[in-house]
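Sequence order for the protein chains is A and B.
Using the numbering used here, read the first sequence as starting at 213 and increasing by one per residue.
Using the numbering used here, read the second sequence as starting at 213 and increasing by one per residue.
Protein chains: 2
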Amino acid sequence: MQPKFNLWLEIEGEVVLSIWRVELLRAIGETGSISGAAARLHVHYRTAWQKIHEMESRLGVKLVETQTGGRRGGGASLTPAALDYVAKFTRYAAEVEQVANKLHQDIF
Amino acid sequence: MQPKFNLWLEIEGEVVLSIWRVELLRAIGETGSISGAAARLHVHYRTAWQKIHEMESRLGVKLVETQTGGRRGGGASLTPAALDYVAKFTRYAAEVEQVANKLHQDIF
DNA sequence: CAGCCGTTATGATAATTTATCATAACGGCA
DNA sequence: TGCCGTTATGATAAATTATCATAACGGCTG
Chain A
213 MQPKFNLWLE
223 IEGEVVLSIW
233 RVELLRAIGE
243 TGSISGAAAR
253 LHVHYRTAWQ
263 KIHEMESRLG
273 VKLVETQTGG
283 RRGGGASLTP
293 AALDYVAKFT
303 RYAAEVEQVA
313 NKLHQDIF
Chain B
213 MQPKFNLWLE
223 IEGEVVLSIW
233 RVELLRAIGE
243 TGSISGAAAR
253 LHVHYRTAWQ
263 KIHEMESRLG
273 VKLVETQTGG
283 RRGGGASLTP
293 AALDYVAKFT
303 RYAAEVEQVA
313 NKLHQDIF
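If you want it as structure tokens, here you go:
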């Protein structure tokens, strides 16, 4: 029996950041494109794109800078705001995970 | 921006206990019926019934003792195994919540 | 300088999941 | 014996999520 958890931040009842969404942002930064990130997370491009725009619209902040066309077809990169969210949330999630695992061992 | 979380236990990739499911079990114990618990949690009877049977089948343990007919139409009560799960999981969730809230304040 | 290529962008549709509806059976009691 | 509120469950509807299809973009190559 294995413990699992999810962690997210809401604004007015709507998810703006979550473990998966932050992984998506990080993958965009590392692959340099939304399509690359989608492939890495085994998710459809459309799904990734939609989540990004949801986050941006709900936060009121631009997270991903995109460009179409060009030699490599285009690409995407993270804004400073996104990098900040990714760093903070990653730390947050890592610490909660550690505590949750320890508590699970203690109690069950 | 408000922090939220969920916590659950899996067996072979399938959820057997979660915060909501444990609330459901507790509501059954307190109301004395599945239908009462469903009403309290603003969920359809069928949904509640299905979740209970999922949990029982995945855990391989009987959680709810039911009876049909009679003056009050029937009812349901928790088995000792269910009471044990409820107690442990409730404590687990409460402690994780406390830590998650503190970490959120520290980091964000 | 026309066409290619891989990307962003987005409407439309399919698939899956979740919730609701409808109905039968139960059994104590008036 | 009939009534009532409950359990139980198949069938359907609604909502959510994922996939398909297609247009536009623009540097680069031949």
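Beta carbons: idealized from backbone N, C-alpha and C, even for Gly.
Leaving aside the five residues before and after residue i along the sequence, list all residues of the same chain whose C-beta is less than 6 Å from its C-beta, in chain order.
| i | result |
| --- | --- |
| L271(A) | V228 |
| Y257(A) | S247, A250 |
Do we get a CB-CB distance below 8 Å when we pair residue i with the residues of chain B?
| i | result |
| --- | --- |
| A293(A) | no |
| I223(A) | yes |
| I264(A) | no |
| K300(A) | yes |
| V234(A) | no |
| V311(A) | yes |
| L315(A) | yes |
| V273(A) | no |
| I319(A) | yes |
Rounded to the nearest angstrom, how far is the Cβ of residue i from that of residue j, given a contact under 8 Å?
| i | j | result |
| --- | --- | --- |
| A288(A) | I231(A) | About 20 Å separates the two Cβ atoms, so there is no contact after all. |
Compare the C-beta of residue i with all C-beta atoms of chain A and state if any pair is closer than 8 Å.
| i | result |
| --- | --- |
| W220(B) | yes |
| Q214(B) | yes |
| R303(B) | yes |
| V308(B) | yes |
Leaving aside the five residues before and after residue i along the sequence, list all residues of the same chain whose C-beta is less than 7 Å from its C-beta, in chain order.
| i | result |
| --- | --- |
| H316(A) | P215 |
| K263(A) | R233, L236 |
Determine, using beta-carbon pairs with one atom in the segment 293-304 of chain B and one in the segment 259-276 of chain B, whether at least three such pairs fall under 8 Å. Verdict: yes, contact present.
Decide if the segment 248-266 of chain B is in contact with the segment 304-318 of chain A; the criterion is three or more beta carbon pairs, one per stretch, under 8 Å apart. Here the segment 248-266 of chain B does not lie against the segment 304-318 of chain A, with fewer than 3 beta-carbon pairs under 8 Å apart.
What beta strand (DSSP E) runs, 3 residues minimum, are completely inside the segment 260-296 of chain A? As far as the segment 260-296 of chain A is concerned, its whole beta strand (DSSP E) runs of at least 3 residues are 276-280, 286-290.
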